[in-house]
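Trainee: Quick one: the structure is below, questions incoming.
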Amino acid sequence: MSTSTKDCAPKKARAAAEAESHRIAEEAARRNSGARGLRAILEEVMLDVMYEIPSLSGVKECVVTREVVEDRARPELVLESKAAS
28 MSTSTKDCAP
38 KKARAAAEAE
48 SHRIAEEAAR
58 RNSGARGLRA
68 ILEEVMLDVM
78 YEIPSLSGVK
88 ECVVTREVVE
98 DRARPELVLE
108 SKAAS
């Protein structure tokens, strides 16, 4: 059975998001913290962009990767593509 790349993209995105949420949970466990620890970690990795995104137009998604969680790299902002006129 053949699947197009378009069909696979959402599945890959979900798999990546699931892997990163496991990394965040592992970090919270390492810190010996519960749900508040999860929230604190998310706030740490999203601090800059959560204030920046509301002032930007066309932000489609914010990509949190392993590097963002482990190395505190900046999350990637994916912008909506404008249709050519």
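Heads up: the sequence shown runs through residues 28 to 112, numbered per the working numbering. The beta-carbon is built from N, C-alpha and C at its ideal position, and this holds for glycine as well.
#1: Along the alpha helix (DSSP H) that carries valine 76, what are the first and last residues, could you check?
#2: Does DSSP put glutamate 54 in a helix, in a strand, or in coil?
#3: For valine 95, count neighbouring C-beta atoms within 10 Å of its own C-beta (all shown protein chains included) and say buried if the count is 16 or more, exposed if not.
#4: For glutamate 103, which of helix, strand or coil comes out of DSSP?
#5: Taking 8 angstroms as the threshold (C-beta atoms), are valine 105 and lysine 87 in contact?
#6: Between the C-alpha atoms of glutamate 107 and proline 81, what's the straight-line distance to the nearest angstrom?
#7: Are there any heavy atoms of the ligand FMN lying less than 7 angstroms away from the beta-carbon of serine 60, as far as the coordinates show?
Mentor: Result, derived from the coordinates:
#1: 62 to 79
#2: helix
#3: buried
#4: strand
#5: yes
#6: 15 angstroms
#7: Among the components modelled here there is no ligand, and therefore nothing to report on the ligand FMN.
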